[in-house]
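If you want our numbering, it's the position in the sequence shown, counting the first as 1, plus 13.
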Amino acid sequence: MGSQALDIPIRLAILEADTPVPGIKAKYQSYGGVFTHMFKRACAALPHPAPLESQLSLSFHNIVNDPTAYPDPETIDAILITGSKYNAFDSDEWIIRLVQFTKRCLEGGRIRVIGVCYGHQIIGRALGAELGRNTRGWEVSVVEHELTEEGKKVLGMEKMSIHQMHRDAVLSFPPGVVQLARTNVCANQAMYIPGRMISVQGHPEFTEEMVREILDMRKYGGIVSDDIYEDGINRVANKQDGVAVAQAFLRFLHG
């Protein structure tokens with residue numbers, strides 16, 4: 014497991030880059046609540062099940078438009094950047110601030126960095142990768158990924174299926190990162206720098222219930238076409254490995 018014993022809780026700051034859709038918000042309050050639910054399930058499914066509190070000490074920080082919401086770097090061991098409806102390549106003041114904070118964490122070397130979907134893209138931007146709309150369009154619902162050899166080791170499985178909900182992508186691999194996963198739609202599905210960062214384009218924190226609501230809202234809001242919606246709904250209940258990915262995050266944090 015590395016130098017840090019699993020029974021010392023890691024101080025993980027969850028940087029909330031958006032507010033959940035109404036049903037998710039009613040049940041979990043914020044994306045911090047959604048990731049708490051993910052990590053609780055991951056801890057319960059460990060070979061030796063453990064309470065979340067023995068693994069992680071979580072704090073939530075809604076960083077959209079509030080520069081004072083960021084944690085003091087001296088009081089944390091790691092950050093997790095959540096998904097978001099916003100574009101990671103835009104130049105809004107709060108997005109630039111998030112990229113700069115992420116870059117400082119990565120360059121400092123002590124604070125470990127996890128990114129999920131939008132967070133994956135923000136890490137890519139902080140490391141100098143190209144971001145943009147994926148010419149292959151939307152990727153939604155449960156999608157099977159091909160893992161690289163390193164991906165199989167780091168993620169602890171031979172192949173991976175997790176929820177997706179994105180049209181933007183990291184269009185290149187920044188220097189020094191290891192590719193962990195790819196799909197036909199998006200080559201950069203997961204990146205890794207040992208001891209420093211791990212990120213996934215998909216959503217290990219999402220459940221079938223959550224993705225059904227998001228797909229419904231995006232269909233009726235005219236954001237996704239009927240074809241994409243139907244295809245996503247047909248796969249929304251498929252087996253997915255979000256808990257195993259969350260366990261890989263735990264290993265990374267404690268490694």
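For glycine and all other residues, C-beta sits at the position ideal for the given N, C-alpha and C.
- Between the C-alpha atoms of SER212 and HIS133 there is a straight-line separation of about 5 Å.
- Membership of GLY128 in the beta strand (DSSP E) is indicated by the continuous run 125-129.
- When Cβ pairs closer than 8 Å are counted between the two stretches, the segment 91-110 is seen not to touch the segment 60-67, the count staying below three.
- By the Cβ criterion, the segment 68-80 is not in contact with the segment 246-259, since fewer than three pairs of Cβ atoms, one from each stretch, lie closer than 8 Å.
- As a beta-bridge residue in DSSP terms, ARG146 pairs with ASP181.
- Contact between ASN75 and GLU29 holds: their C-beta atoms lie close to 5 Å from each other, under 8 Å.
- For ALA203, the closest of CYS130, VAL237 and SER72 by C-alpha to C-alpha distance is CYS130.
- GLN214: not part of any beta strand (DSSP E); DSSP gives it neither H nor E.
- PHE48 sits in a helix when the DSSP states are folded into three classes.
- Excluding sequence positions up to five before and after ASP31, its CB lies within less than 6 Å of the CB of SER97 and LYS98, all in the same chain and listed in chain order.
- For the options LEU119, ILE135, GLY121 and ILE124, the alpha carbon positioned closest to that of SER104 is the one of ILE135.
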